[in-house]
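If you read the sequence shown in the working numbering, its first letter stands for residue 54, the second for the next number, and so on.
Yeah, the Cβ is synthetic: ideal placement off N, Cα and C, and Gly gets one too.
For reference, the structure is listed below as structure tokens.
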Amino acid sequence: MAATLLRGEVACVLQAAEYQQYNGAYRPEGIPLHEVRRGPYDGQRGAVMRTTDGELPRTLAFPAGDPRVVYEYDRMKGTTAVYRYAPNLSPVHRALMDAVAEQYREHAAQQAKGGQQ
């Protein structure tokens, strides 16, 4: 069941980064590109309010009180605005990638010891 939109609102979806957003983003050695592209809110749906000039906001930042993760407007897909994770604009991206790299290192160490998770 689709949510009811208020006047001026447009449905939106948050998705993984594409080349335009991830080009030049921090990527620790050995980390696959799909990890860099992935944002913490990917797949979530909601609504955005058009600005006073009728345009959609260029970026959405989360969480609202302390914006550390940024999604950038990409395009309209039918009646839904698509926003993509923007690692280059997200202050938390480096810390996220360092945490992912640590998980990869731990997994590799476990595999080297012969243990599997």
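- Task: Report buried or exposed for residue 73, applying the criterion of at least 16 other Cβ atoms within 10 angstroms of its Cβ.
- Result: exposed
- Item | Residue from 134, 158, 159, 157 whose Cα sits closest to the Cα of residue 62 | Comparing Cα-Cα distances from residue 62 to each of 134, 158, 159, 157, the minimum goes to 134.
- Message: Tell me which residue opens and which closes the beta strand (DSSP E) that residue 127 is part of.
- Response: 122-130
- Message: Taking the straight line between their C-alpha atoms, what separation do you get for residue 166 and residue 84?
- Response: 21 angstroms
- Exposure of residue 156, with buried meaning 16 or more beta-carbon neighbours within 10 Å: exposed
- Task: Evaluate residue 152 with the Cβ neighbour count: other Cβ atoms within 10 Å of its Cβ, from every protein chain shown; 16 or more gives buried, anything less gives exposed.
- Result: Per the 10 Å Cβ criterion, exposed.
- Name the two residues that bound the continuous alpha helix (DSSP H) containing residue 147. 146-165
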